[in-house]
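Trainee: Protein chains in written order, with the numbering used here: chain A, 226 to 722; chain B, 226 to 722; chain C, 226 to 722. Note that beta-carbon positions come from the ideal geometry of N, C-alpha and C, so glycine has one too. From a predicted model like this one, the values you see are computed outputs, not experimental measurements.
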Amino acid sequence: MRALLLCLTCLILLLPVAAPGADQPAAPISQATQGCLDCHIDATPGIVADWRRGRMAMKTPAQALKEPEAGRRVSAKKIPPRLMNTAVGCAECHTLNPKAHADTWEHGDERVHVVVTPTDCATCHPEEKRQYGHNLMAHARGNLINNPVYMNLADQVNGVMSVKGGKVALAKPTASTEAESCLFCHGTEVKVLGQVTLEDPNFGEMDFPKLSGWPNRGVGRKNPDGSLGSCSACHSRHQFAIEMARSPATCSECHKGPDVPVYKVYQVSKHGNIYYAMRKQWDMAKVPWTPGKDFTAPTCAVCHASLLVDAAGNQIAPRSHQMTDRIWVRLQGLIYSHPMPKDPDTTKIKSADGLSLATSLTGQPAAKYLINAKEQAQRKARMAKVCGSCHSQGWVQGQFARLEQSRKEADAMVLAATRLMQRAWDQGLAKGLAQNDSPFNEYIERVWVRQWLFYANSTRFASAMMGADMGVFDKGRWDLGLTVEHMHDWMELHKKK
Amino acid sequence: MRALLLCLTCLILLLPVAAPGADQPAAPISQATQGCLDCHIDATPGIVADWRRGRMAMKTPAQALKEPEAGRRVSAKKIPPRLMNTAVGCAECHTLNPKAHADTWEHGDERVHVVVTPTDCATCHPEEKRQYGHNLMAHARGNLINNPVYMNLADQVNGVMSVKGGKVALAKPTASTEAESCLFCHGTEVKVLGQVTLEDPNFGEMDFPKLSGWPNRGVGRKNPDGSLGSCSACHSRHQFAIEMARSPATCSECHKGPDVPVYKVYQVSKHGNIYYAMRKQWDMAKVPWTPGKDFTAPTCAVCHASLLVDAAGNQIAPRSHQMTDRIWVRLQGLIYSHPMPKDPDTTKIKSADGLSLATSLTGQPAAKYLINAKEQAQRKARMAKVCGSCHSQGWVQGQFARLEQSRKEADAMVLAATRLMQRAWDQGLAKGLAQNDSPFNEYIERVWVRQWLFYANSTRFASAMMGADMGVFDKGRWDLGLTVEHMHDWMELHKKK
Amino acid sequence: MRALLLCLTCLILLLPVAAPGADQPAAPISQATQGCLDCHIDATPGIVADWRRGRMAMKTPAQALKEPEAGRRVSAKKIPPRLMNTAVGCAECHTLNPKAHADTWEHGDERVHVVVTPTDCATCHPEEKRQYGHNLMAHARGNLINNPVYMNLADQVNGVMSVKGGKVALAKPTASTEAESCLFCHGTEVKVLGQVTLEDPNFGEMDFPKLSGWPNRGVGRKNPDGSLGSCSACHSRHQFAIEMARSPATCSECHKGPDVPVYKVYQVSKHGNIYYAMRKQWDMAKVPWTPGKDFTAPTCAVCHASLLVDAAGNQIAPRSHQMTDRIWVRLQGLIYSHPMPKDPDTTKIKSADGLSLATSLTGQPAAKYLINAKEQAQRKARMAKVCGSCHSQGWVQGQFARLEQSRKEADAMVLAATRLMQRAWDQGLAKGLAQNDSPFNEYIERVWVRQWLFYANSTRFASAMMGADMGVFDKGRWDLGLTVEHMHDWMELHKKK
């Protein structure tokens with residue numbers, strides 16, 4: 226009998242621990258959250274089940290604070306006592322800071338808000354919020370909509386055209402289209418417009434705040450409490466898993482198209498190849514994260530954000546939500562590449578030719594707004610240390626030298642196209658800024674836009690991340706040359722017509 | 226000794242159950258199937274091993290019928306007794322309904338047919354066959370080849386050109402090319418043309434039926450027993466796993482190109498991001514399927530086909546092989562978007578201007594062939610309930626409103642291009658239908674085709690599935706505007722030449 | 226007590242074996258390698274940890290030689306005794322053949338070289354090196370840079386343009402750009418240029434050999450020991466896992482762009498669909514590899530390289546590092562498709578019109594340099610046997626017939642475009658070879674290049690690998706036709722201007 230008992234003990238010891246997603250989370254649930262769950266288990270069962278799989282349902286803040294520092298994910302030194310000993314559930318987040326939230330409304334027995342914001346998350350994660358605020362991403366909305374050059378382009382992209390008598394007219398874009406176009410990633414402004422009654426399939430009619438720019442999870446979203454950003458852009462709801470933020474697929478939501486071909490480059494890079502082939506063996510959730518042991522090639526997060534240590538626990542790189550900490554040049558979202566801006570609010574920048582751009586139309590950098598050589602070197606050194614986890618410094622410096630050369634060459638190809646564009650404007654073949662017209666609306670102008678917005682970007686990124694054909698035939702150098710010849714051919718035809 | 230025995234028992238209990246793919250399947254094998262296996266273990270070892278991993282090799286129909294209804298995968302109330310107590314193996318499927326099958330031939334000791342069809346599968350899965358028959362996909366072949374407008378375009382795509390004296394001539398497409406081009410997905414007609422003797426690497430010369438349009442697994446395939454479709458288009462042979470049909474990669478075979486960019490949109494959508502990052506944790510085979518527990522973001526099947534329940538077992542959505550049950554507007558395979566057709570056989574539709582299209586060339590819907598507002602609302606409500614698994618109705622209705630706006634705007638951009646096209650035809654710059662010529666053959670006509678076939682589709686799908694840049698710079702709004710300006714520029718040049 | 230002991234034994238037996246990546250590898254480490262590890266655990270911790278997960282850290286060559294032949298991965302009959310009984314570690318590879326290595330330098334206490342080459346790997350894997358040497362890939366660098374036609378195109382792609390007075394000038398490409406463009410995959414020449422002192426983040430200043438063309442892992446790299454190729458192109462460092470080389474993602478690094486769209490085709494093919502949906506169940510590391518059991522659809526390696534056996538252990542296909550063993554026609558990197566070249570060094574080939582191409586500009590094959598019908602049939606039969614693992618020969622022959630037809634049609638579409646191009650040259654609308662000018666620099670010439678380099682390739686590959694829309698609307702037949710009409714339209718405009 227005793228033997229049987231012992232065997233059963235063995236059996237039990239060997240059973241997997243209760244899988245995430247099991248019926249009861251490990252952490253006790255507050256009464257308020259239980260109230261939410263009582264209805265939402267029917268109203269939105271998917272997010273309830275998803276939340277239950279997540280760390281915030283499994284650990285109380287008190288438990289989280291006790292973890293050794295390197296593995297700790299909360300950065301607060303102190304967390305309000307009333308939050309300390311329950312799971313971080315529905316009520317814990319959706320009822321925080323009710324007065325600051327214009328989207329707070331009476332929902333059931335609680336004063337609840339719809340949009341959980343970086344300020345709410347900062348209750349436990351203040352350092353992450355602080356860093357993120359210094360990030361270009363937090364300013365993605367303002368940097369776009371307050372920049373007249375970019376907005377001129379955005380209007381050309383998002384406006385609806387009509388044709389009458391062979392003439393093309395363009396209407397102003399609708400808010401709806403802006404919200405699902407540029408602002409989908411850059412972030413909408415979520416304002417409370419009033420109240421709305423909606424039919425729930427389970428509970429019938431209910432009142433909700435009516436929100437502008439909703440839904441949205443853009444990285445620079447302007448929230449109803451005045452804060453900027455959306456943590457769930459990367460830490461997707463409602464599991465908020467670190468695996469998610471560390472997965473390259475997550476970054477692809479906003480970094481895939483031809484204007485930001487980062488994910489496409491990553492996929493065909495050796496780093497990406499290894500990720501796709503070997504990730505079965507990886508531990509995407511380990512904190513801190515050890516190269517070679519927990520993963521065998523970088524994801525986006527490895528190079529740009531994650532806390533990395535070696536097998537002995539020595540820090541290779543600190544966690545940072547200011548993604549630009551290890552980036553010295555800006556390769557995307559611009560005409561010519563240039564050193565990173567000093568201030569994440571880029572609306573203050575003026576180029577020598579008076580545009581809201583970090584370079585002039587002929588590529589001169591607006592140096593006083595940009596980080597200096599020393600700061601560039603520091604950021605480069607931080608990145609080199611990450612690369613050094615797996616590569617000798619000969620390899621790393623060789624790679625950095627190529628990037629420097631390639632971004633110069635891509636910029637030179639942009640200049641070649643821009644000289645043709647300028648000539649077309651000068652010769653009256655097209656109408657640009659000097660003619661009080663958009664420089665982005667006519668056919669030949671759009672051909673020119675592709676040169677810098679698509680092809681130069683792709684070439685630069687392919688160089689930065691070793692993306693081979695993305696810098697050659699896949700919207701890279703091939704297309705840079707083709708565009709110049711295309712513009713030249715077009716000008717010959719139009720001049721002689 | 227007793228203790229040792231008990232320990233060994235523990236050990237055995239803890240061993241993984243015989244892995245799928247192990248040498249013997251759990252279900253007994255019929256004598257006829259054993260006869261097939263005796264040779265095919267050598268002739269086609271891969272599909273034998275693959276079949277052995279599958280459910281049909283593991284369970285008899287009798288066992289399947291005994292499962293609780295929600296988890297049951299056979300929809301037949303009764304299954305022929307001779308099939309009840311063996312695995313569903315080679316002979317069980319490839320010898321069904323021999324008289325109906327023109328492709329039946331004497332093969333070894335059996336009368337076998339090559340092409341297993343929906344009618345064969347309906348022996349155990351009649352409800353799925355019935356639903357699928359009401360699906361546009363079952364009619365994909367006829368809807369294409371019996372539509373003169375579409376076939377005009379197909380001929381331009383698949384025909385081979387030759388050039389003499391600077392003039393371009395086009396030959397009719399070959400059957401071989403049609404079979405691997407449009408009909409690869411839409412489905413070929415598989416007819417028996419006679420008999421053929423082929424050399425098998427293991428068994429030497431053998432006779433087989435000679436089939437037209439073979440190989441093919443198109444969703445609207447016309448089979449040698451007269452049935453339409455191919456279950457293995459999604460439930461890939463010979464494991465026929467439900468995981469396969471639920472995987473977005475499966476849908477990508479026919480839904481990836483620029484004319485149907487669904488998979489590309491999915492990949493960069495938040496839903497796709499979560500799938501790629503978190504699917505390690507998912508149970509892709511569970512029936513019924515519970516959002517948040519078995520999976521944490523939808524795949525294609527979740528929204529369009531799968532039986533979904535909440536954690537308490539309450540049904541969120543029924544299983545349906547009529548994929549249009551939760552779709553109210555048609556976004557692809559057309560010039561302008563429109564409400565779904567009433568009848569899956571769309572060849573009956575005529576537009577106001579007499580074309581076999583659901584809208585006129587200026588976008589007027591052929592309303593009497595299309596579902597009405599009530600039916601649209603019902604389908605929308607079914608989809609809203611699926612979305613409601615994870616999203617509040619405020620979110621869902623906001624999302625639906627954006628789709629409505631974006632499809633209107635994409636249609637408006639198609640109209641703008643079409644007005645220019647019409648003008649080119651009117652002015653003799655190109656020859657269209659009114660000039661008894663194909664509207665799809667000349668350069669400028671092909672530029673116009675891209676507007677609706679590629680860019681408007683991409684914009685609409687990006688809106689429907691929150692695919693961000695796929696609706697902006699990645700063949701979205703950017704290209705819609707570029708095309709209008711391109712056509713306008715072309716007309717200016719040609720008029721003045 | 227005894228029972229408890231037994232239970233504990235059970236427990237221990239059931240524990241997973243020490244996970245790869247655990248602190249100590251199974252194989253003893255040589256003193257020299259331990260010397261490397263002592264510093265590199267800090268200097269490059271990622272590759273140390275990665276190596277520890279790999280087979281070469283787990284098994285000594287002596288152990289590897291004792292494995293049954295079918296599962297053995299070393300092909301050497303004899304391995305130098307000093308290497309036999311330790312892990313294959315840093316020193317074992319980086320100090321081999323020091324005299325042959327121009328990149329050998331004094332590093333710590335050892336004479337170490339940077340670049341481990343196929344000749345080094347051949348110490349244990351001689352057969353693989355021999356086969357690989359007969360491969361087109363080993364000659365990828367020479368076949369490109371010694372071919373004046375290709376280099377003319379490469380110069381047009383990689384050179385930087387400048388514009389003055391509306392005229393376009395082209396500079397010669399820099400070595401840096403060539404290294405990250407074409408030669409990234411084809412392979413650079415790695416030569417020792419001298420010595421360089423670099424700052425290591427952990428150890429301060431150190432001396433290293435200064436290398437040209439570094440970093441690089443191109444398949445045809447010219448190494449400092451005179452050998453050709455890079456095993457780590459596919460067997461990525463420093464785990465060198467067979468899973469990696471068998472993963473389609475690995476091949477994507479060099480086979481994804483529009484000029485070599487193999488991976489894109491694979492992704493949307495049924496084979497790819499199954500891989501992405503079902504690979505969780507697969508054993509990517511098993512040697513030999515059994516279709517249906519270890520995997521249920523081919524990856525690139527299955528068809529082109531791997532040793533395959535059926536469940537009874539009968540060989541379906543031998544392992545081969547001469548990837549062309551099962552390929553009879555060449556579909557990429559050319560103007561027209563043609564039978565495979567006899568010699569992997571293709572620089573010797575001359576077409577009837579005197580170009581360094583396997584066909585003339587009008588598509589006539591340079592037959593004497595190409596494999597004959599018998600050899601083609603043998604290679605086809607080898608591939609048919611692989612296909613036969615899962616498909617009947619009726620299916621296989623039907624598929625092969627379609628490929629034959631489609632490559633002819635794609636070639637015909639190239640000819641149509643070439644006839645227009647020739648006419649443009651003849652009529653003085655462009656300047657080609659006969660006018661002593663590059664045939665690849667002007668706008669219309671680049672439009673023509675896309676016809677064969679992108680669209681014909683895509684159509685051929687889509688046919689070969691059943692990639693559906695990649696042969697139709699995704700850079701396939703649609704674009705072949707569009708290009709002909711585009712060229713025709715351009716000529717009309719330019720003639721009349």
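#1: Mind pulling the chain B residues with CB within less than 8 Å of A:Q464?
#2: So the beta strand (DSSP E) A:Q420 belongs to, where does it begin and stop?
#3: Could you name the residues of the region 614-631 of chain B whose beta carbon sits closer than 8 Å to any beta carbon of chain A, in the order they occur along the chain?
#4: Indicate the three-state DSSP secondary structure (helix, strand or coil) for A:L580 in the structure shown.
#5: In terms of residues, what are the limits of the beta strand (DSSP E) holding B:H338?
#6: What residue does the beta strand (DSSP E) around B:P434 start on, and which one ends it?
#7: Could you compute how far the alpha carbon of B:A363 sits from the alpha carbon of C:H713?
#8: Going by the beta-carbon positions, is the gap between B:N682 and B:D484 smaller than 8 Å?
#9: If I follow the unbroken beta strand (DSSP E) through B:M386, where does it start and stop?
#10: Can you give me the Cβ contacts of B:V490 inside the same chain, cut-off strictly under 6 Å, excluding the 5 residues immediately before and after it?
#11: Pick out whichever of A:S614, A:Q603, A:M716 and A:L559 has its Cα sitting closest to the Cα of A:N372.
#12: Got a sec: which bits of the region 668-691 of chain C sit with their beta carbon under 9 Å from any beta carbon on chain A, in order along the chain?
#13: Just to confirm the assignment: which complete alpha helix (DSSP H) runs, minimum length 4, are found wholly within the region 589-669 of chain C?
#14: So is C:N383 in contact with chain A if we call contact Cβ pairs under 8 Å?
#15: Return the CA-CA distance between C:W650 and A:I669, expressed in angstroms with no decimal places.
#16: Could you give the first and the last residue of the continuous beta strand (DSSP E) run that contains B:K392?
#17: With 16 other CB atoms within 10 Å as the buried threshold, where does C:L705 fall?
#18: Give the range of the alpha helix (DSSP H) segment to which A:Q676 is assigned.
#19: Exposed or buried, what is B:P305 when buried is set at 16 or more other beta-carbons lying within 10 Å of its beta-carbon?
#20: Drop a sphere of 10 angstroms on the beta-carbon of C:K354, count the other beta-carbons inside from all chains shown, and report buried for 16 or more, exposed for fewer.
#21: Report the option in B:K605, B:C261, B:T269 and B:R607 whose CA atom is closest to the CA atom of C:K610.
#22: Can you tell me whether A:M716 is helix, strand or coil according to DSSP?
#23: Can you give the beta carbon distance from A:Y501 to C:S457, rounded, assuming they're within the 8 Å contact cut?
#24: Return the residue from the list B:E717, B:G619 and B:S631 that minimises the CA-CA distance to A:E421.
#25: Could you tell me the distance, in whole angstroms, from the CA atom of A:P351 to the CA atom of A:G296?
#26: Does the beta carbon of A:A404 come closer than 8 Å to any beta carbon on chain B?
#27: DSSP three-state label for A:E478, please.
#28: Less than 6 Å between C-beta atoms, sequence neighbours within five positions excluded: which residues of the same chain meet that for C:P728?
#29: When we look at the beta-carbon of A:A247 and count the other beta-carbons within 10 Å, is it buried (16 or more) or exposed?
#30: Return the CA-CA distance between A:K447 and C:E667, expressed in angstroms with no decimal places.
#31: Cα separation between B:K720 and B:L654?
#32: Does any CB atom of chain A fall closer than 8 Å to the CB of C:M469?
#33: How is C:W330 classed by DSSP in three states: helix, strand or coil?
#34: Would you mind reading off the limits of the beta strand (DSSP E) that contains A:A542?
#35: Starting from the beta carbon of B:V273, find every residue of chain C whose beta carbon is closer than 7 Å, and list them in chain order.
#36: What residue range is occupied by the uninterrupted alpha helix (DSSP H) comprising B:A526?
Mentor: Result, derived from the coordinates:
#1: For A:Q464, the C-beta contacts it makes with chain B under 8 Å involve M503 and T521, in order along the chain.
#2: According to the DSSP assignment, A:Q420 belongs to the beta strand (DSSP E) that extends over V417 to D425.
#3: Listed by position, the residues of the region 614-631 of chain B near chain A (Cβ gap below 8 Å) are S614, C615, H616, S617, Q618, G619, W620, Q622, G623, Q624, A626, R627, Q630 and S631.
#4: Of the three classes helix, strand and coil, the one that applies to A:L580 here is coil, per DSSP.
#5: E335 to H338 is the extent of the beta strand (DSSP E) around B:H338.
#6: Counted as a single uninterrupted DSSP element, the beta strand (DSSP E) harbouring B:P434 occupies residues G429 to L436.
#7: Spanning the two alpha carbons is a distance of roughly 39 Å.
#8: Yes.
#9: B:M386: member of the beta strand (DSSP E) spanning M386 to K389, first to last residue.
#10: Excluding residues up to 5 positions away in sequence, F686, A687, M690, G692 and M695 lie with their Cβ nearer than 6 Å to the Cβ of B:V490 in the same chain.
#11: A:N372 has its Cα closest to that of A:L559, out of A:S614, A:Q603, A:M716 and A:L559.
#12: Along the region 668-691 of chain C, going in chain order, the ones with a CB nearer than 9 Å to a CB of chain A are Y668, I669, E670, R671, V672, V674, R675, L678 and F679.
#13: Here the runs fully enclosed are 598-612 and 618-651.
#14: C:N383 has a beta carbon lying within less than 8 Å of a beta carbon in chain A.
#15: Their backbone Cα atoms lie some 26 Å apart in a straight line.
#16: From DSSP, the beta strand (DSSP E) with B:K392 extends over K392 to L395.
#17: So C:L705 ends up on the buried side.
#18: Neither: A:Q676 is in no alpha helix (DSSP H) and is coded neither H nor E.
#19: Taking every protein chain shown into account, the CB of B:P305 has fewer than 16 other CB atoms within 10 angstroms, so this residue is exposed.
#20: By the 10 Å Cβ count, C:K354 comes out buried.
#21: Proximity to C:K610 across B:K605, B:C261, B:T269 and B:R607 peaks at B:T269, based on C-alpha coordinates.
#22: Residue state for A:M716 is assigned as helix, using DSSP reduced to three classes.
#23: About 17 Å separates the two Cβ atoms, so there is no contact after all.
#24: Sequence check: residue 421 of chain A is Val here, not Glu. The option with the nearest alpha carbon to A:V421 is B:G619.
#25: Roughly 17 Å separates the two Cα atoms.
#26: The beta-carbon of A:A404 is placed less than 8 Å from the nearest beta-carbon of chain B.
#27: A:E478 falls in the coil class under three-state DSSP.
#28: Any question about residue 728 of chain C goes unanswered here, given that chain C covers just 226 to 722.
#29: With a pLDDT of 43 at A:A247, under the threshold of 50, the modelled position of that residue is not reliable, and the figure given next carries that caveat. Per the 10 Å Cβ criterion, exposed.
#30: A:K447 and C:E667: Cα-Cα distance of roughly 48 Å.
#31: Cα to Cα, the separation comes out at about 7 Å.
#32: The beta-carbon of C:M469 is placed less than 8 Å from the nearest beta-carbon of chain A.
#33: C:W330 falls in the strand class under three-state DSSP.
#34: Unbroken beta strand (DSSP E) run through A:A542: Q540 to A542.
#35: Near B:V273 (Cβ distances below 7 Å), the residues of chain C are G517.
#36: It spans C525 to H529 - the alpha helix (DSSP H) in which B:A526 sits, taken as one unbroken run.
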